[in-house]
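Here's the structure we're looking at; comments come further down.
In full-length UniProt numbering, the protein residues as written are 1 to 429.
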């Protein structure tokens, strides 16, 4: 057994030395990391030495079989998706062949950079193409120490360039989303996310890949629930838009709040100046769908700034309803006045979701989007997560991308979600 476990350790610690794709490296680590646990189980039962050796041989073979399966699967997957990156003209969704949610993509220089929810850390991916992330470079940007208010459940990180500096804005909490009974009892419903807050990491240089990211500050959300925060950059200043509750222990519905900032890590507004610019009042924003008396898990979250490049119109595209079911979709706010802090200067599209499930294509729960451009700057693209099987909830989400255009009134015209094949972005090599 010691030699078996030693081999396991050497493989895990040196897998990066082999010329495996990032996806295959992650698969190898996943399969082999279960080996010590499986082997240790044999000591709990009164097997004869001969039987124990046989069981250990069988168990130790499982990860290797998993590795072989992963190897074949990864190479097949890479071949299937090679149209995204080998100079041909089409690709299929998903653009990252593993579970992933809350994608944020930004183009800078010759690369796209992606962050998404990993729960345990902040990882940045870098790719020269938008439609193939299985072969992307991978960088661990921030690994939180234990025992801090931001140590667990790191959600929806976003990488922003503001005044020639790079910042990552993220959600985190101290204890795996599990409040003590003394806190939970104050909520009308259970409130597992009551300790989630917003945090900002600052990069050390003007290059997002070479930067070292360190914690700069917790954003002031008045010691209340806050998730999915983003920056809204406007001519009048910088703003923080995030998902919030009315009060500390309301525990739903989740609304969209806005506060003004003096810099990317400092909120300028006091509590009385915080404004709510959207609440989940429409049937399509509620969970279960349309139930008028149930506010629990009815949500406005995942806000993203979107600017019409021709007219300059400013939108906030947000996610509505519950993130682990088929009805999750995108809603739309438009800034029609000059003051983002004035709720009456925002116009909500109450007609329905602007991007929503497509059962014919088995594309469900589509939401939490970000927006980027094609390499030549002529096309607008939406990057989002969705599910093929809504019965599996959060664990079924994968990351997809599609182009979109604009309506005559200047609002975004999103496509129906699907899997393709689609044309690669204009200018993509």
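Every residue, glycine too, gets a C-beta built ideally from N, C-alpha and C.
Rounded C-alpha distance that separates residue i from residue j
i	j	result
residue 402	residue 375	14 Å
residue 323	residue 262	32 Å
residue 108	residue 232	19 Å
residue 192	residue 396	21 Å
residue 343	residue 256	11 Å
residue 225	residue 254	9 Å
residue 164	residue 204	11 Å
residue 415	residue 308	16 Å
residue 249	residue 177	14 Å
residue 98	residue 170	21 Å
residue 252	residue 245	6 Å
residue 95	residue 289	29 Å
residue 378	residue 426	7 Å
residue 234	residue 216	22 Å
residue 268	residue 424	42 Å
residue 237	residue 360	43 Å
residue 146	residue 219	20 Å
Whole-number beta carbon distance between residue j and residue i, since they are thought to touch under 8 Å
i	j	result
residue 390	residue 352	19 Å between Cβ atoms; not a contact.
residue 149	residue 197	7 Å
residue 159	residue 113	6 Å
residue 168	residue 122	6 Å
Within 7 Å, strictly: CB atoms of residue i and residue j
i	j	result
residue 417	residue 350	no
residue 306	residue 317	yes
residue 277	residue 346	yes
residue 304	residue 230	yes
residue 211	residue 166	yes
residue 301	residue 228	yes
residue 174	residue 195	yes
residue 93	residue 400	yes
residue 199	residue 156	no
residue 330	residue 348	no
From the options, residue whose alpha carbon lies closest to that of residue i
i	options	result
residue 283	276, 275, 298 and 272	298
residue 116	129, 110, 128 and 138	138
residue 136	125, 130 and 275	125
residue 272	258, 279 and 280	258
residue 354	315, 199 and 119	315
residue 131	319, 172 and 382	382
residue 128	144, 120, 119 and 106	106
Short CB-CB distance (under 7 Å) between residue i and chain D
i	result
residue 263	Within the model displayed, chain D is absent; a lone protein chain is all it includes.
Ignoring anything shorter than 4 residues or poking outside the UniProt region "Disordered" (409-429), list the alpha helix (DSSP H) runs there in chain order. Assignment of alpha helix (DSSP H) within the UniProt region "Disordered" (409-429), counting only whole runs of 4 or more residues, yields no such run.
Please specify which runs of the beta strand (DSSP E), each continuous and at least 3 residues long, are wholly inside the segment 376-402, giving them in chain order. Runs found: 380-387.
In chain order, each alpha helix (DSSP H) run of at least 4 residues that lies wholly inside the segment 322-374: Correct list: empty.
Extract the residue ranges of the alpha helix (DSSP H) inside the segment 181-249, only unbroken runs of 4 or more that lie entirely within it. Within the segment 181-249, the complete alpha helix (DSSP H) segments of 4 residues or longer fall at 181-184, listed in chain order.
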